[in-house]
Amino acid sequence: MNDSAPRRARVRAPELTGKGGWLNTGGQQYTLADLRGRIVILDFWTFCCINCLHVLDELRELEEKHRDTVVVIGVHSPKFVHEAEHQAVVDAVERYGVEHPVLDDPELATWKQYAVRAWPTLVVIDPEGYVVAQHAGEGHAHAIERLVAELEAEHEAKGTLRRGDGPYVPPEPEPTVLRFPGKALLLPSGTFLVSDTTRHRLVELAEDGESVVRRIGSGTRGFADGPSDTAAFNEPQGLTLLDDGSVVVADTVNHALRRLDLTTGEVTTLAGTGRQWWQGSPTSGPAREVDLSSPWDVALWQGKVWIAMAGVHQLWAYDPAEGTVAVTAGTTNEGLVDGPGTEAWFAQPSGLAATPDRLWLADSETSALRWVDPDGSVHTAVGTGLFDFGHRDGSAGQALLQHPLGVTALPDGSVAVADTYNHALRRYDPATGDVTTLATDLREPSDAVLVGDDIVVVESARHRLTRLRLPEEAVKVPEVAHRTQREATEVAPERLRLDVIFQAPAGQKLDTRYGPSTRLLVSATPPELLRSGEGAGTDLSRALELDPSVPEGVLHVSAMAASCDDDPDNEYPACHVHQQDWGVPVRLTEAGTDRLPLVLAGMDHP
Numbered sequence: 092m093n094d095s096a097p098r099r100a101r102v103r104a105p106e107l108t109g110k111g112g113w114l115n116t117g118g119q120q121y122t123l124a125d126l127r128g129r130i131v132i133l134d135f136w137t138f139c140c141i142n143c144l145h146v147l148d149e150l151r152e153l154e155e156k157h158r159d160t161v162v163v164i165g166v167h168s169p170k171f172v173h174e175a176e177h178q179a180v181v182d183a184v185e186r187y188g189v190e191h192p193v194l195d196d197p198e199l200a201t202w203k204q205y206a207v208r209a210w211p212t213l214v215v216i217d218p219e220g221y222v223v224a225q226h227a228g229e230g231h232a233h234a235i236e237r238l239v240a241e242l243e244a245e246h247e248a249k250g251t252l253r254r255g256d257g258p259y260v261p262p263e264p265e266p267t268v269l270r271f272p273g274k275a276l277l278l279p280s281g282t283f284l285v286s287d288t289t290r291h292r293l294v295e296l297a298e299d300g301e302s303v304v305r306r307i308g309s310g311t312r313g314f315a316d317g318p319s320d321t322a323a324f325n326e327p328q329g330l331t332l333l334d335d336g337s338v339v340v341a342d343t344v345n346h347a348l349r350r351l352d353l354t355t356g357e358v359t360t361l362a363g364t365g366r367q368w369w370q371g372s373p374t375s376g377p378a379r380e381v382d383l384s385s386p387w388d389v390a391l392w393q394g395k396v397w398i399a400m401a402g403v404h405q406l407w408a409y410d411p412a413e414g415t416v417a418v419t420a421g422t423t424n425e426g427l428v429d430g431p432g433t434e435a436w437f438a439q440p441s442g443l444a445a446t447p448d449r450l451w452l453a454d455s456e457t458s459a460l461r462w463v464d465p466d467g468s469v470h471t472a473v474g475t476g477l478f479d480f481g482h483r484d485g486s487a488g489q490a491l492l493q494h495p496l497g498v499t500a501l502p503d504g505s506v507a508v509a510d511t512y513n514h515a516l517r518r519y520d521p522a523t524g525d526v527t528t529l530a531t532d533l534r535e536p537s538d539a540v541l542v543g544d545d546i547v548v549v550e551s552a553r554h555r556l557t558r559l560r561l562p563e564e565a566v567k568v569p570e571v572a573h574r575t576q577r578e579a580t581e582v583a584p585e586r587l588r589l590d591v592i593f594q595a596p597a598g599q600k601l602d603t604r605y606g607p608s609t610r611l612l613v614s615a616t617p618p619e620l621l622r623s624g625e626g627a628g629t630d631l632s633r634a635l636e637l638d639p640s641v642p643e644g645v646l647h648v649s650a651m652a653a654s655c656d657d658d659p660d661n662e663y664p665a666c667h668v669h670q671q672d673w674g675v676p677v678r679l680t681e682a683g684t685d686r687l688p689l690v691l692a693g694m695d696h697p
């Protein structure tokens, strides 16, 4: 390395392997040797994970700007069983507009080689094939941009940088009316309004659910108000009807709520700034001045539009009369905790359905069906946590779902659940406490609407609406139960040192202007696993005491660090928030490690 080049730790990058092979390469298979001379960014992701989807959007600008030197490779590393299906990965790559090669790694082989512990994780490999940085979570694009510029200069000078076209080959577009539709709404006219998510628009279909009445939105990813032919959305999802006859749209990737005037086709913005909410941002205020985070569904309940804010694991509400938004439930911590709204934990709430006395919600990452009472308290009907899922009917206490995205109130007081990764429509009856299966052989159902005695299902991965007669008899299915494929980390009983690794990116320093710039929150499932060390603090290292009588469990770790540009001449330096939640399955064993390092940004040097 020449004298002017920055000194940084380098570790030889392990080979990229995955049984599912490569996508978006025109059929070519690649090794790291084929990519020598390029800066490679590995994005370890899984398509269920909202934080992973945020990172896909964070990387778009960097990919475009450095297209001749940088190759981004998505390493798809599944959490749910359905995500290990190759066709499901093919669908997700198109659904979310992934414009770089993707390695399908259903057995987590490359994940293990790189010792990854969290979705999403970004790993930077230099043109000579060495790992030079690792980042977990969101908010790192600015740091990687700076590192890429340094690597370009350094390897240009050494003669080890190779410029040119990358290996990305776009797939052929498919001529379907809808493309991965997300949600649907039955309009007063009897027609259906559908969020045509991957094509960034809304489509009104006739009563047959197939014929196009009109399209709203330009069909190009963007954020623009105006008439139906020029207005722009960015992966819209949820829809709900207001009392004035207009429709509220959860414009997910724009972090906004939009309003559609059904008469004129005019689109306006009701809430959100277009920027993603970060820790420390306002949690209430004038709707157009407050940042939101991936609103996934909306429902009118108790005079307000409730919002499933998937990006921060909360429920918010928009008040149409006041023009304000505010958090209504959830702490931003990811998990399954019931109780008063201010103390409840959610995990990517993605579907809502209102009845007079309950707001039902599909809490996708905990594979749970939950509800909110009028007093704001949160309850769980089905589901146990982040790592248990499957297809099991029977009493709600032992029934299992797999990443449900939609919920629909039925006339008899029960609810239908779009059990997305089980390709099924399920039913929960509060009167009996039982879960049954209404239909199978659907393909990633994401929502459903009632039409008389029928239920019309958004069959997202078949790009269509499917009409079913509500069956009187439940469908019988074989029981299946799963746990996440991630292997438990073997840790020593009693004393465990938790170290969250954070090194401020080059040219930045920790932001301490307003007190500590770091935050660490630790808890466990079951809670008895932790004798001491739980709770919040500002130090990124902590001594945990584990109860040896609890053989295994999950450590929940949430870390945040704020860094600012280190320029003494700039009175208002640009600042950035880095944050990540980890759920680390652990098994207590005498031979286990007594230190658990989790990399937020940088490289671990124990």
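The sequence shown: position 414 = 505 (the working numbering), numbered continuously.
Cβ atoms here follow ideal geometry from the backbone N, Cα and C, with glycine treated the same way.
The structure displayed is predicted, hence computed values, not measured ones.
- Proximity to residue 160 across 294, 367, 132, 544 peaks at 132, based on C-alpha coordinates.
- In the DSSP assignment, residue 204 falls within the unbroken alpha helix (DSSP H) covering 200 to 204.
- The distance from the Cβ of residue 317 to that of residue 298 is about 28 Å, inconsistent with a contact at the 8 Å cut-off.
- Taking 8 Å as the cut-off, the beta carbon of residue 191 is found closer than this to the beta carbon of residue 154.
- A distance below 8 Å separates the beta carbons of residue 330 and residue 274.
- In the three-state DSSP reduction, residue 633 falls in the strand class (E or B).
- In the displayed model, residue 586 falls within a strand according to three-state DSSP.
- Distances from the alpha-carbon of residue 399 to those of 558, 369, 346 put 346 closest.
- Runs of the beta strand (DSSP E) lying entirely within the stretch 294 to 366, each at least 3 residues long, are 303 to 307, 327 to 332, 338 to 342, 347 to 351, 358 to 362 in chain order.
- Counting along the chain, residue 129 sits inside no beta strand (DSSP E), nor does DSSP assign it H or E at all.
- In this structure residue 465 touches residue 448 by the C-beta definition: roughly 6 Å separates them, less than 8 Å.
- Relative to residue 693, the option among 678, 646, 591 whose CA is nearest is 591.
- If you draw a straight line from the Cα of residue 336 to the Cα of residue 268, it is about 26 Å long.
- Selection 538, 485, 561 evaluated against residue 524 yields 485 as nearest (Cα-Cα).
- DSSP, read as helix, strand or coil, puts residue 140 in coil.
- About 13 Å separates the CB atoms of residue 385 and residue 365; that is not less than 8 Å, and the two are not in contact.
- Shortest Cα-Cα distance from residue 185 to any of 283, 551, 568, 121 involves 551.
- For residue 667, the enclosing beta strand (DSSP E) covers residues 666 to 679.
- Under the 10 Å beta carbon count, residue 110 is surrounded by fewer than 16 other beta carbons and is classified as exposed.
- With respect to residue 283, residue 295 sits close: the two C-beta atoms are nearer than 8 Å.
- In this structure, DSSP gives residue 464 a state outside helix and strand, which the three-state scheme calls coil.
- Nearest in C-alpha terms to residue 509, of all of 444, 601, 147, is 444.
- With contacts defined by Cβ atoms closer than 8 Å, residue 610 and residue 627 form a contacting pair.
- Ranked by Cα distance from residue 457, the first of 308, 409, 512 is 512.
- Per the C-alpha coordinates, the member of 261, 218, 224, 263 positioned closest to residue 244 is 218.
- Runs of the beta strand (DSSP E) spanning 3 or more residues and lying entirely within the stretch 182 to 229 occur at 193 to 195, 212 to 216, 221 to 227, in chain order.
- In terms of CA proximity to residue 144, 343 leads the group 473, 343, 507, 474.
- Rounded to whole angstroms, residue 481 and residue 172 show a C-alpha spacing of 9 Å.
- Counting along the chain, residue 395 sits inside the beta strand (DSSP E) bounded by residues 395 to 400.
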